[in-house]
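Residue numbers (the numbering used here): 45 to 775.
The beta carbon of each residue, even a glycine, is placed where N, CA and C say it ideally should be.
These notes are about the structure you will find just below.
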Amino acid sequence: MIRFEDVERKVERYHPDADIELLRRAYIFSAMKHKDQVRASGEPYLIHPLSVAEILADMKLDVETVSSGLLHDVIEDTLVAPEEISEMFGADVAHIVDGVTKISNLGKKMSKAEVQAENLRKMVLAMVDDIRVVLVKLADRLHNMRTLEYLNPEKRRRIAQETLDVYAPIAHRLGMSKVRSELEELAFQYLDPDAFKRLKEEVEKRRISEEAFLEEVKTRIAEKLTEEGVPFVRIEGRIKRLYSIYLKLKRQKSHLDQVYDLAAVRIITRDEKDCYYALGVMHKHWKPFNHRIKDFIATPRDNGYQSIHTSVIGEEGHHFEVQIRTEEMHHIAEEGIAAHWKYKEGKGSDTSEDETMKWLRRMVESQQDVSNAEEFVETFKLDLYPSDVYAFTPKGNVIRLPRSATPIDFAYEIHTEIGDQCTGAKVNNRIVPLRYMIQNGDVVEIMTTPGHKPSRDWLNFVVTAKARNKIRHWVAERQRAESIDLGRKVFDKEAARMRLKPKHVLDDQILSKFLVDNGYSKLDDMFAAIGYGKLTARTVLSRFISEEQMNEIDHAKSSRLQEVTKAVKRALKLGDDRITIKGVDNVLVYRAPCCNPIRGEEIIGYITRGKGVGVHATRCKNVGNLLINKERMIDVAWEGQPSDQPYAVRLSVLTEDRQGQLAALTNAIANIKTNIRDARTDDNTYTDGVRRIDLTVDITDVRHLDKVSSALKGVDGVLEVERQAAVPQYT
């Protein structure tokens, strides 16, 4: 049975100056918290954290990581708070233990196997701002697999499958071949015990002859290398792993009798150039297979693995594989990224300046997928670049979202009703704007209000298809309801203008025939069409009065509208915000502040009560409401040549928060000879490193606006440029 002293000695052996007191305190704390707990094997629970710590010590990891191994279950199993761990053992240890706990909770909360594997794999790597979190979790899983026999068959199979789907591929992608191999062998044993037992027996039958061959070929290789003057450290031989053989048999649909390369040889050299000399010797004295040479020294794998692989044919047609690498390459191949976190005498445990570690961190942060699609299950295609973000619900469920996703996207991923009723959000217990961009590892709490409905504005910042579709669906339904109501009001007003009673019209057979002839199944469909502007009330109601009556009604308003329309056109030609036109009852014409139209945009006029004629852009959100009084709508257009009259336009720029960015934006505008009336920065950043800057600029027409927008988008760091409807009045 393992003892703390065993772990302590191992750490002292590779790290004489280690903070053993930290390790002892972690052990005592763990022993105290787990004292009444027992594992399924009947052993005291403390055996598990001790074993995890020993695995980490065998990797020669820093004392903080080994201490974290001793403490890795105390938050989850004993209700110890992370703050208590931080206070007693430091922020480093607390961060690792908390990270391991989060990963453990994820696995318990997810259901569908494929989704669980995909989410968990990516979530683990998304959390790897400190790779030691994963190293502790791998050690935890490795010891659990070693003691899996004590669990019931159903649980054994579930854990073994998760190990094969999740933990073994992670170990592989991090270059930890020793851990990966043991995890795969143990998982294979429990997932398909019959196949494991059968294959093991068959391999054992050939083991004696294969080992004899290995001894013979190792001796001969050593002789040839010596004869050729190629220095080497040692030559190793091994029988391939059962799971590796099983995969090959499955892939090739063959039997063990048809597998000729059960044996593998490894040549360890002193330096890199000797690897290539050794390769030359092997091909000189053994016939190589065509197209079976792989140079991972010149082109390392994304996990840092380096070696030369070749397959050759020996005496009597005996095939075997040869790997050639230096001692350092061998260490990296066996330990992977853990080798870069080991304690280095004279340098302490801080490896942040280690160049190889820097490279490995860049590897984790960049997308370098070199997975073999044929071995998808075993070497799952890990996306080492966080193209997605993974966040938690308060209950610990993980939600996968695309980058730039917001709390609204998060809410709709949970449930449509949660999305519809979302009124706010907390991220990590802090209230954030609904535009906030969710980060990896965020805990997101959605605040809802029963009866609350989505906002059309959400479409400006949500990113998931699910959220956009749900919002659009609701908007469409709301628009239909509003259009029906609007259409009915327009219909009633037009009927009154024509001196018709709406109730009599609706009950008339003429209207029933109109509905059928035009494909409207019910009255609401007709009203919706009027509200949408696809049908005019005049078209419907003209069937109920004579042509002579209609002409009289039209003539009464025609002359007045013509005069007003001409006045509006003259006013728009001058371009001022507010212009009084004399000679037509002092008609006041103004650009509506709700949409602030500029020359070149499609526009429409609306005769107000006592304020003159408001000119709106057809894109204006208020145009729909104006249709209730459609008789007040008049067609207007920009007339004459563009003038130099400027219009104040407000632009919101979403940009990376970097020094000198405001100056860069103003310079970009100044370079195209455009005046800036106002520039303001938003005090709230939407997420770390992102800020909004509002600019009010003088614009002459739509083309000028496009030119300014393009100039701003060309500034390095700018994420989005959006025109705001109204220009604020600053005080």
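Residues of its chain near Y527, where Cβ-Cβ distance is below 6 Å and the 5 sequence neighbours each way are ignored
Here residue 527 turns out to be Ser, not Tyr, going by the sequence shown. The answer, listed in chain order, is A572, G575, Y576.
Is there contact between the stretch 200 to 209 and the stretch 231 to 242, where contact requires at least three CB pairs shorter than 8 Å?
yes
With 16 as the cutoff for other CB atoms within 10 Å, does V55 come out buried or exposed?
buried
Three-state secondary structure (DSSP) at A97?
helix
Distance check for S754 and I743, CA to CA, integer angstroms please.
14 Å
So H478 and I515 are supposed to be a Cβ contact under 8 Å. How far apart are they, rounded?
Per the sequence shown, residue 478 should be read as Leu rather than His. The Cβ separation is near 12 Å, so there is no contact.
Tell me the DSSP bridge mates of H660?
I648
Residue from C319, V309, A239 with nearest C-alpha to L273:
Residue 273 is actually Gly in this sequence, not Leu. Checking every option, the nearest Cα to that of G273 belongs to C319.
Check the DSSP bridge columns for G281 and list the partner residues they point to.
V309
Roughly how many angstroms lie between the CA atoms of R735 and E645, to the nearest whole one?
29 Å
When we look at the beta-carbon of Y194 and count the other beta-carbons within 10 Å, is it buried (16 or more) or exposed?
exposed
Excluding five sequence neighbours on each side, which residues of the same chain lie with their C-beta closer than 6 Å to the C-beta of E489?
P438, K470
Straight-line gap, K717 to K757 (C-alpha atoms, nearest Å)
17 Å
Beta-carbon proximity of F588 to D561, cut-off 9 Å
no
For P60, the three-state DSSP class (helix, strand or coil)
coil
DSSP-derived helix/strand/coil call for K166:
Confidence at K166 is low in this model, with a pLDDT of 43, below 50, so the placement of that residue should be treated as unreliable; the coordinate-derived value is given next. Helix.
From V137 to K222, what distance separates their C-alpha atoms?
25 Å
Please list the segments of the beta strand (DSSP E) lying wholly inside the stretch 479 to 539, counting only runs of 3 or more residues, in order along the chain.
488 to 492
For H363, the residue or residues it bridges with in DSSP
I357
Buried/exposed call for H548, threshold 16 Cβ in 10 Å
exposed
Is the separation between the beta-carbon of E246 and that of L300 shorter than 9 Å?
yes
Alpha carbons only, please: which of A712, T662, T450 is nearest the one belonging to A509?
T450
Take A723 and list the residues in its own chain whose beta-carbon comes closer than 6 Å to its own, dropping the five residues that flank it on each side.
L739
Three-state class that DSSP yields for R811 in the structure shown:
Because the chain here runs from 45 to 775, residue 811 falls outside it and cannot be looked at.
Who does L258 pair with in a DSSP beta bridge?
DSSP, once it has assigned bridges, lists no residue as partnering L258.
How many Å lie between N776 and R522 at the Cα?
Only positions 45 to 775 of the chain appear in this structure, which leaves residue 776 out of reach.
Assess contact between the stretch 119 to 131 and the stretch 98 to 105, defined as three or more Cβ pairs (one per stretch) separated by less than 8 Å. Is contact present?
no
To the nearest angstrom, how far is the alpha carbon of D63 from that of V107?
7 Å
Would you tell me roughly how many angstroms separate the C-alpha atoms of R53 and R278, rounded to the nearest one?
28 Å
Same chain only: Cβ atoms within 7 Å of R532, ignoring 5 sequence neighbours per side:
F571
For D117 and A307, the rounded distance between their alpha carbons
41 Å
For the beta strand (DSSP E) that contains L763, what are its first and last residues?
762 to 767
If you follow the beta strand (DSSP E) that G463 is part of, which residue opens it and which one closes it?
First-last for G463: 460 to 464, but that is the alpha helix (DSSP H), not the beta strand (DSSP E).
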